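This report concerns only the one structure given below.
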Amino acid sequence: MRHTPIGNTDSNQPMSWNHPNVHKYADTIALKIPGYAHLYEMTDCLIAAQLEAQAHIRNIDPNVLIVGAGGGQELITLGERHEAWSFTAVDPSEHMLDLARKRVTHAGLSSTISFVAGTLEESSREPIYDAATCLLVLHFLQSLESKQALLRQISARLKPGAPFCLASINGNPQEPSFSIQMQAWKGHMLSQGISLEDWERFAASIGRESNPVSNAAIQELLIDAGFTHITRYYGAFLVNAWFAVKEGETTYDKG
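As C-alpha cells, this is what we get:
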C-alpha cells in the first residue's frame with residue numbers, strides 16, 4: 006500500500022506489497038521523491054497546528070489514524086515529536102507493517118501504537134480519531150469509486166474539526182505535461198542512484214498498479230467525503246499533498 010513497485014525484478018510483472026523484499030522500501034523511497042522528509046515534517050506541523058487551534062482538544066492526548074502505515078515514516082516523524090500521542094497504524098501488508106514495527110523499535114519510540122493488519126473498512130466505524138493521514142496510498146486504488154470510498158471511510162472515523170493529510174501521485178497520463186513531469190522525475194531518480202531498471206519498473210506501474218487522478222478530482226473527492234479548508238501544501242513532480250479538516254462543529258481559540 007505504498008508508492009513504488011517493490012519485490013519484482015521484471016518490470017512486466019505486477020508489484021506485490023507482500024513480497025519479502027519490501028524491506029528495501031525505506032532505503033530507497035527518500036531517494037525517489039524530492040523533499041520526502043519535508044513532506045512528513047510539514048504534515049506533522051499542519052496536524053499539530055490544527056490540533057492546537059482546537060481549544061477543546063488541548064487537554065487530551067490525540068489519537069491519530071495512519072492509513073497505509075507500512076514503512077513507518079509517519080510513525081517515526083510524528084511519534085518522535087509527540088510522545089503523548091497514540092497511533093493506530095493500518096496496512097493490509099504484513100511485511101510492510103513488520104518494517105514499520107522494526108523502524109519504530111529501532112527509534113526507541115515510547116508512543117502508544119496499535120498495528121492493524123487489514124483494511125480500514127474492517128475496523129471500527131466510530132468517529133474516535135483526532136487526526137488522520139493517508140500518504141502515498143490513494144493512487145494505488147484503481148477506480149474513482151474506490152478512492153471515494155476510502156476517503157469516506159476515513160472521514161467517518163474522524164471527530165469534527167479533525168485534521169487530515171493526504172498525499173498521492175496526481176495527473177492525467179494522457180496529457181503531455183504528465184510525460185514531461187515523468188521525464189524530469191526519471192532524471193532526478195537516476196541522479197540519486199536509482200537504477201534504470203527500478204525506474205522502468207516504476208514507470209510501467211502507472212496505469213497498471215496505480216491510477217493517478219487530477220488535482221481537481223482530489224479536491225472534489227475530499228469535499229464529497231466531508232472535508233473543508235482544503236489546501237495543497239506539498240508538491241514534487243507528480244506527487245501532491247493536501248491538508249483538510251473534517252467538517253462539523255468545533256471550538257477554536259482565536260487568541
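Add 5 to the 1-based position in the sequence shown for the numbering used here, that's all there is to it.
Note that the Cβ used here is the ideal one computed from N, Cα and C, for glycine as well.
Keep in mind it's a predicted model, so treat the numbers as computed, not measured.
Quick test of your reading: Leu125 and Gln158, contact by CB under 8 Å. State the CB separation rounded to the nearest angstrom.
Taking the sequence shown and counting its residues from 1, one reaches residue 125 at position 120. Taking the sequence shown and counting its residues from 1, one reaches residue 158 at position 153. Indeed, because the Cβ distance is near 5 Å, the residues count as touching under 8 Å.
Note the first and the last residue of the continuous beta strand (DSSP E) segment covering His238.
Numbered from 1 along the sequence shown, position 233 holds the residue referred to as residue 238. Reading off the sequence shown, one finds Tyr at residue 238, where the question assumed His. Where Tyr238 is concerned, the enclosing beta strand (DSSP E) stretches over 232-241.
In whole angstroms, what is the alpha-carbon distance linking Phe248 and Thr48?
For the purposes of this step, residue 248 is taken as residue 243 along the sequence shown, with counting starting at 1. For the purposes of this step, residue 48 is taken as residue 43 along the sequence shown, with counting starting at 1. For Phe248 and Thr48, the distance between alpha carbons rounds to 8 Å.
Examine the ligand PLP and report whether any of its heavy atoms sits within less than 8 Å of the Cβ of Glu252.
Among the components of this structure there are no ligands whatsoever, and the ligand PLP is therefore not found.
Quick check on this structure: which residue in Val142, Glu57, Ser91 has the alpha carbon closest to the alpha carbon of Gly166?
Here the question's residue 166 lines up with position 161 in the sequence shown. Comparing Cα positions, the closest option is Glu57.
If I'm right that Trp90 touches Ser116 with Cβ under 8 Å, what's the distance once you round it to whole angstroms?
Here residue 90 refers to the residue found at position 85 when the sequence shown is read from its first residue. Here residue 116 refers to the residue found at position 111 when the sequence shown is read from its first residue. About 6 Å; that satisfies the 8 Å criterion.
Just to confirm my understanding: we take Gly84, look at its own chain, exclude 5 residues before and 5 after, and list those with CB closer than 6 Å. What are they?
Reading the sequence shown from its first residue, position 79 is the one you call residue 84. Leu114, Ser116, listed in sequence order.
Would you kindly work out how many angstroms separate the C-alpha atoms of Ala208 and Gln188, rounded to a whole number?
Looking up residue 208 in the sequence shown gives position 203. Looking up residue 188 in the sequence shown gives position 183. Using only the alpha carbons, I get a separation of about 10 Å.
Mapping the DSSP letters down to three states, classify Val109 as helix, strand or coil.
To locate residue 109, count along the sequence shown from 1; it is residue 104. Helix, per DSSP.
Pick out whichever of Ala222, Arg108, Arg213 has its Cα sitting closest to the Cα of Glu79.
Numbered from 1 along the sequence shown, position 74 holds the residue referred to as residue 79. The shortest C-alpha separation from Glu79 is found at Arg108.
Going by DSSP, what residue range makes up the alpha helix (DSSP H) through Trp204?
The residue you call residue 204 lines up with position 199 of the sequence shown. First-last of the alpha helix (DSSP H) with Trp204: 201-210.
From which residue to which residue does the beta strand (DSSP E) around Pro181 run?
Taking the first residue of the sequence shown as position 1, residue 181 is located at position 176. Unbroken run through Pro181 is the alpha helix (DSSP H), 181-196; no beta strand (DSSP E).
Need the endpoints of the alpha helix (DSSP H) that Lys152 sits in, please.
Position 147 of the sequence shown, counted from the start, is the residue given in the question as residue 152. Unbroken alpha helix (DSSP H) run through Lys152: 149-161.
Beta-carbon within less than 7 Å of Ser215's beta-carbon, same chain only, minus the 5 sequence neighbours each way: which residues are those?
In the sequence shown, residue 215 corresponds to position 210, counting from 1. Taken in chain order, the residues that qualify are His144, Phe145, Ile174.
Name, in chain order, the residues that DSSP records as bridge partners for Ala137.
Your numbering for residue 137 matches position 132 in the sequence shown. Paired residue(s): Leu70, Phe169.
Run the CB neighbour count on Ile81, radius 10 Å, all protein chains shown included, and call it buried at 16 or more, exposed below.
By one-based count along the sequence shown, residue 81 stands at place 76. Flag for Ile81 reads buried.
Which residue wins for smallest C-alpha separation from Val142, given the options Asp135, Cys170, Arg162, Tyr134?
Indexing the sequence shown from 1 puts residue 142 at position 137. Of the listed residues, the one whose Cα sits closest to Val142 is Cys170.
Which partner residues of Phe92 appear in the DSSP bridge assignment?
By 1-based counting over the sequence shown, the position of residue 92 is 87. For Phe92, which the question treats as bridged, DSSP gives the partners Val69, Ile118.
Could you check which residue in Gly123, His87, Ala230, Glu205 has the C-alpha nearest to that of Lys152?
In the sequence shown, the residue the question calls residue 152 occupies position 147. If we check each option's Cα against that of Lys152, Ala230 comes out closest.
My understanding is that Leu243 touches Gly176, with C-beta atoms under 8 Å, so please give their C-beta distance in whole angstroms.
Stepping through the sequence shown from its first residue, residue 243 is reached at position 238. Stepping through the sequence shown from its first residue, residue 176 is reached at position 171. Their Cβ separation, rounded to whole angstroms, is 5 Å, which keeps Leu243 and Gly176 in contact under 8 Å.
How many Å lie between Ser219 and Leu51 at the Cα?
Mapped onto the sequence shown, residue 219 falls at position 214. Mapped onto the sequence shown, residue 51 falls at position 46. The alpha-carbon atoms of Ser219 and Leu51 are separated by roughly 23 Å.
Just the C-alpha distance for Asn245 and Ala35, rounded to the nearest angstrom, thanks.
To locate residue 245, count along the sequence shown from 1; it is residue 240. To locate residue 35, count along the sequence shown from 1; it is residue 30. Distance between the alpha carbons of Asn245 and Ala35: 15 Å.
Take Ala53 and list the residues in its own chain whose beta-carbon comes closer than 8 Å to its own, dropping the five residues that flank it on each side.
The residue given as residue 53 occupies position 48 in the sequence shown. Residues Arg86, His87 of the same chain have their beta carbon placed closer than 8 Å to that of Ala53, with the five preceding and five following residues left out of the count.
With a CB to CB cut of under 7 Å and the five nearest residues on each side skipped, what residues in its chain are close to Gln147?
Residue 147 sits at position 142 when you count from the first residue of the sequence shown. For Gln147, where only same-chain residues beyond five positions count, the Cβ hits under 7 Å are Asn216.
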